[in-house]
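What follows is a short report on a single structure.
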DNA sequence: AATGAATGAGAATTCATTCAT
DNA sequence: TATGAATGAATTCTCATTCAT
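Pasting the structure below:
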């Protein structure tokens, strides 16, 4: 399909695929994967039903391609974090800003993709391997490096990284569920979230807890 | 149907409904709402297809009933937080513990319900009104009370409450996406999450930030 | 079923059958045979679904029983015509009056029964044999007798008898199709129809046609 | 679908619709609307089940389309009666000939359509408005005109028109009920029926009734 | 390559009938 | 006998996919 060596052909093909994926993303987000029909997608894309099958082998492949596209933008945005020799506070702040500005403009893509990923083992595996694990590894590597340099307290790296990532993700899901507060104020999220995650809720008014005390709390 | 005044009948009916809902939850979680067929559910429940329609008007009504059941357990578990005159640290700790021990045993219920809720406007409205908004209101009320008593720094209540709730929710979604770390270590989550949210990432090794400094950060 | 020799039993059984048939007639007339469910009939009859099967072997048997009941009233009303040594004009008048006062009060029974009879070969056969043919035979016999006595012109007995019977039947069907004129004025029908059939449309203003003339017309 | 402006396409579409309607008419007539399945119709039409839904939105729409087709041929055949300045005898004769030659070749269409029309309020309304009322109006208008010109005795126009139309209709229904005499001799019907309706049963052998006499009869 | 009609497998739902209580 | 829950065959309709044009 994309094997044609003619570069103009390839451009045309890429454009057509994009056209279909854009339409599919919109329709999946509106109706969900199953209620969306190939006819719906074709209509929004302005082409005939059959044409979709020239570019994608099946409806599921369309969803997969959307997932891949999402994956690519994720990767692209993570690259710059890789270098990460920054100061911890700056790193966290930047990480959260990144995630949010990656995730929010694609909120509808997530709505299109997430429900099916949650429920389809094959897609889930794909997403885990290609998106989740790499994302967490970057975070874990950085946290471990920080800890070794004594710049981070002795926290559970695996779970903490997931908690940080999860807080962004959870806010996204809450918005997708229809929360209007987040929908209207998401530009303020990076600031609020960064402060929360760096300094915690009690930051100002409580004295920092003693080691023993915290252990007691946490047991 | 449930109008029968015969208490034994009612018991039988309730049991049958539970049997169907349990089966449906399992099947929805495995295959998703749409790929799950009435036949699948009936087979798992050990009854005939048609019997389901004696107890529920449609496949969607089955999903709705699962959502209501989830709602009820949520409400029940939130009741005791209502009184909330506890110490702040205890409250947060308890809140997170609550949420996690409510959500995790029901992880598969969420997997069954969440994808469809994300994508079905009617269900979404229902979930928002009956679960999300009440949950956030409890948190907001408590946070405001604390802040008025000077026990909490001047944070953005609306967004912070959502961030706290979101962190639990996000971790759930990450698990549902197949993350094995969370799946195997979720019992440690309350502790890690409480510490993170109360004390922040930098708690120990950094000195608490000065007011001015934090303001600068947070901008 | 009706084999019980206990006369009280038989009364009870007959009453229950009537109760079911009345309900079924009403429901069939409202919804048609197929859209009417056993549940509908049971509800109208004020009994449980299953009970119907104590008195009738199947839904079709219920329809059949309605047909039989209709048949019986037809027969009963025809008996007195059998003797028929009356004057021709009185006979026709009486015949039409009969038919109309038999058919109209049972209009809804016809609506219940006719559609299915039109389309179900078995019922059709039954109706033809038990109702139609006997009815026509009475008429044919009378007409032939009249003709032999020179009291009737040399008309086509078979077709004319059917035309007379058909005119009543056709008016019924037109009413069942929703014609409001007939519905509201059916009590005037016997008079109008008798005059029409006895004297024809031109009765007054034209001179009776000559034999030859009529033949020319009719050819 | 039928919006296509390509005239060849439209021809193809019209042919396919006809193919389906013909098959449906046959199957509905054989089994009745409800016992006839989409599969039956598709098999007779020689196409796949699903194809029917490319041309008709539902099984009921197929029936409706049959009704419309019947309606169109009715209208077409009535047009030439509209002009109606003919002699009364010729008019009646022509009217009956018309009706019979319209109705008989379509007997099976009536069998397909009538049962459902009798029982389905929506279809009934449609049939009444589009077929019955216009048909009666033509007749009533003509009869009134004749009466004003003194060519017709002072009969009840509304009921008489219905009685004339009903006699044709009733004969059709009697045939549909399985009467073999009418089935085999329907070509003789126009003649017999015209004579009956114009001259009445007693035409030859009785003297025309005196006014007073007829009044006495009729009431 | 693009089209869109045709296909037919598959799903939700209905409902006559059965049968344990 | 009466009940009404349970059954599962049968039906309508949808829609991903194919393929002739």
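Residue numbers (full-length UniProt numbering), protein chains in the order written: chain A, 1 to 219; chain B, 1 to 219; chain C, 1 to 219; chain D, 1 to 219.
Cβ coordinates follow ideal geometry from the N, Cα and C atoms, glycine included.
Closer than 9 angstroms at the C-beta level to chain B, one finds these residues of the UniProt domain "HTH tetR-type" (14–74) of chain A: 28, 29, 30, 31, 32, 33, 34, 35. Taking 8 angstroms as the upper bound on Cβ-Cβ separation, chain B lies near residues 111, 114, 115, 116, 117, 118, 119, 120, 124, 125, 127, 128 of the segment 106–130 of chain A. Here the alpha carbons of residue 129 of chain B and residue 139 of chain B stand approximately 15 angstroms from one another. 8 angstroms or more divides the Cβ of residue 37 of chain A from the Cβ of residue 112 of chain A.
Around the Cβ of residue 54 of chain C, a 10 Å sphere holds fewer than 16 other Cβ atoms; the residue is exposed. Beyond the five residues adjoining it in sequence on each side, residue 106 of chain C comes within less than 8 angstroms, by CB distance, of 70, 73 in the same chain, given in chain order.
In its own chain, leaving out the 5 sequence neighbours on each side, no residue places its CB closer than 7 angstroms to the CB of residue 159 of chain C. Here DSSP, grouped into helix, strand and coil, assigns residue 56 of chain B to coil. Considering only B:95, B:154, B:152, B:19, the residue with the shortest C-alpha distance to residue 169 of chain B is B:95. Put simply, the CB of residue 103 of chain C is far from chain D, with every gap to its CB atoms at 8 angstroms or more. Of all residues in the segment 171–189 of chain A, only 171, 173, 174, 176, 177, 178, 179, 181, 182, 185, 188, 189 come within less than 7 angstroms of chain B when Cβ atoms are compared, listed by chain position. Distance from the CA of residue 198 of chain C to the CA of residue 201 of chain D, rounded to the nearest whole angstrom, comes to 5 angstroms. The segment 43–58 of chain D makes no contact with the segment 114–129 of chain D: fewer than 3 CB pairs, one atom from each, lie closer than 8 angstroms. Across the structure, residue 20 of chain B and residue 176 of chain A are spaced so that their CA atoms are roughly 29 angstroms apart. A direct Cα-Cα distance of roughly 21 angstroms separates residue 124 of chain A from residue 27 of chain A.
Nearest C-alpha to residue 23 of chain C among C:7, C:48, C:188: C:48.
Contact between the segment 173–192 of chain B and the segment 182–196 of chain A is not established, with fewer than three Cβ pairs separated by less than 8 angstroms. Among the CB atoms of chain C, one or more fall inside 8 angstroms of the CB of residue 156 of chain D. In the structure shown, residue 31 of chain B adopts helical secondary structure according to DSSP, grouped into three states. From the beta-carbon of residue 192 of chain D, the residues of chain C found nearer than 7 angstroms are 156, 159, 160, 163. Contact note: residue 87 of chain A does not reach chain B at a C-beta cutoff of 7 angstroms; the least C-beta distance is about 11 angstroms. Contact between residue 192 of chain C and residue 145 of chain D does not hold, since their C-beta atoms are separated by about 20 angstroms, which reaches or exceeds 8 angstroms.
Across the set A:93, A:62, A:103, A:60, the C-alpha of A:103 shows the shortest separation from the C-alpha of residue 76 of chain A.
A:65 is the residue among A:65, A:194, A:60, A:88 whose C-alpha sits nearest the C-alpha of residue 18 of chain A. Neighbours of residue 11 of chain D across chain C, judged by C-beta separation under 7 angstroms, do not exist; the nearest C-beta is about 33 angstroms away. Listed by position along chain B, the residues whose Cβ is nearer than 7 angstroms to that of residue 169 of chain A are 170, 173, 174. For the options C:143, C:32, C:33, the alpha carbon positioned closest to that of residue 87 of chain C is the one of C:143. Excluding five sequence positions before and after residue 109 of chain B, the CB atoms of its chain that fall closer than 6 angstroms to its own CB belong to 25, 70, given in chain order. Closest by C-alpha distance to residue 155 of chain A, out of B:141, B:9, B:189, B:92, is B:189. In the three-state reduction of the DSSP assignment, residue 149 of chain D falls in the coil class, being assigned neither a helical nor a strand state. Distance between residue 166 of chain A and residue 167 of chain B, taken at the CA atoms: about 5 angstroms. At a cut-off of 4 residues, the continuous stretches assigned as alpha helix (DSSP H) that sit fully inside the segment 110–167 of chain B are 121–127, 133–148. A distance below 7 angstroms between beta-carbons, with the five flanking residues on each side excluded, links residue 44 of chain B to the following residues of its chain, in chain order: 23, 26, 27. For residue 152 of chain D, the closest alpha carbon among the candidates D:91, D:7, D:61 is that of D:91.
The beta carbon of residue 6 of chain B does not come within 8 angstroms of any beta carbon belonging to chain A, so the residue lies off that interface. At a beta-carbon threshold of 7 angstroms, the residues of chain A lying near residue 200 of chain B are 197, 198, 199, 200, 203, ordered along the chain.
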